[in-house]
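Residue numbers (full-length UniProt numbering): 1 to 283.
Here it is in structure tokens:
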């Protein structure tokens, strides 16, 4: 697991190093040549040793410190630091990142070929897992994102067709499930998935025209249903008003004829030319 590495203020250690060099220079000036050589050699060795421990950490970055293969810890505080000498300091970004998957061609739950793509927003929260849990955490997230999108596409139909099932077109539900599934996959890499959304969703080109015709037919049927439903209500209202106001008394045959005429007028998709009856009601 991630832990904090030993660190000291870099500028403080730098001042100590400069003071040490200045002190050695002052002492060497009054010493014999052999003694001065030894002091200079020791000072250079110590200076090199101290200088290998300096590191700079930028905002929203971290340094994973290793000492001869052993994990020492992570430095996440921005600034100039000094840590264990002769240690390697690997940079790991903590910034929020995002990427968009390629357009994947998969079959939905109904077996229809669809094209789907998603954008994923993520960041590193555990530098130990990101560095040592997987080979490359950036590539790992990209591959797992494509795998999660493929699995999601095969779990839901493109359209629900009013059967109560969740479809891929329901963005909120699908995005939440994609985020949850991808988050479970990315834990091994020490990555947190902040958000994921479907950015492209369409039928594959080979069936797009047929599915468009199906959608249009469904829309026409739905519109006709609403028109007929409204027309029946209007006819019922007209008959009730005629009866309440006692405008005219109609027998069952004339009521049926009136209903048929009103439905033709209200449900037709073209303008109706009225015919005025100038004779009696029954001629």
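Beta carbons are placed, not taken as given, at the ideal position from N, Cα and C, and that holds for glycine.
Nearest-angstrom Cβ-Cβ length linking residue i and residue j, presumed shorter than 8 Å
i, j, result
"residue 72", "residue 5", "5 Å"
"residue 90", "residue 131", "6 Å"
"residue 149", "residue 123", "The pair is not a contact, with the Cβ atoms about 20 Å apart (cut-off 8 Å)."
"residue 64", "residue 74", "5 Å"
"residue 21", "residue 43", "6 Å"
Residue burial classification, residue i (beta-carbon count within 10 angstroms, cutoff 16)
i, result
"residue 7", "buried"
"residue 88", "exposed"
"residue 144", "buried"
"residue 45", "exposed"
"residue 171", "exposed"
"residue 182", "buried"
"residue 126", "buried"
"residue 190", "buried"
"residue 173", "exposed"
"residue 176", "exposed"
"residue 16", "exposed"
"residue 2", "buried"
"residue 228", "exposed"
"residue 33", "exposed"
"residue 159", "buried"
Proximity to residue i [Cα-Cα], best of the options
i, options, result
"residue 50", "13, 150, 80, 114", "13"
"residue 178", "196, 191, 237", "196"
"residue 76", "25, 128, 48", "128"
"residue 237", "140, 258, 253, 60", "258"
"residue 56", "33, 36, 82", "82"
"residue 133", "186, 175, 142, 98", "186"
"residue 18", "48, 78, 229, 222", "48"
"residue 69", "59, 58, 78, 86", "86"
"residue 198", "100, 80, 84", "100"
Rounded separation between residue i and residue j - CA only
i, j, result
"residue 243", "residue 233", "16 Å"
"residue 168", "residue 10", "54 Å"
"residue 231", "residue 245", "21 Å"
"residue 137", "residue 200", "25 Å"
"residue 106", "residue 193", "23 Å"
"residue 121", "residue 41", "53 Å"
"residue 204", "residue 155", "17 Å"
"residue 54", "residue 27", "27 Å"
"residue 240", "residue 252", "14 Å"
"residue 67", "residue 37", "31 Å"
"residue 226", "residue 60", "57 Å"
"residue 202", "residue 142", "22 Å"
"residue 260", "residue 224", "17 Å"
"residue 222", "residue 235", "20 Å"
"residue 180", "residue 84", "39 Å"
"residue 80", "residue 184", "35 Å"
Same chain, Cβ closer than 8 Å to residue i, five either side skipped, listed in chain order
i, result
"residue 157", "108, 109, 110, 112, 165, 167, 168"
"residue 104", "115, 116, 117, 146, 149, 150, 153"
"residue 98", "119, 120, 121, 122"
"residue 39", "24, 27, 28, 31"
"residue 102", "117, 146"
"residue 58", "78"
"residue 206", "113"
Short CB-CB distance (under 8 Å) between residue i and chain B
i, result
"residue 238", "Note that chain B does not occur in the displayed structure, where there is just one protein chain."
Contact test: residue i Cβ vs the ligand MN heavy atom, cutoff 7 Å
i, result
"residue 45", "As far as ligands go, the structure on display features none, and thus does not contain the ligand MN."
Same chain only: Cβ atoms within 7 Å of residue i, ignoring 5 sequence neighbours per side
i, result
"residue 62", "74, 75, 76, 92, 94, 127"
"residue 284", "Residue 284 lies beyond the stretch modelled for the chain, which goes from 1 to 283, so this question has no answer here."
"residue 140", "134, 189"
"residue 256", "none"
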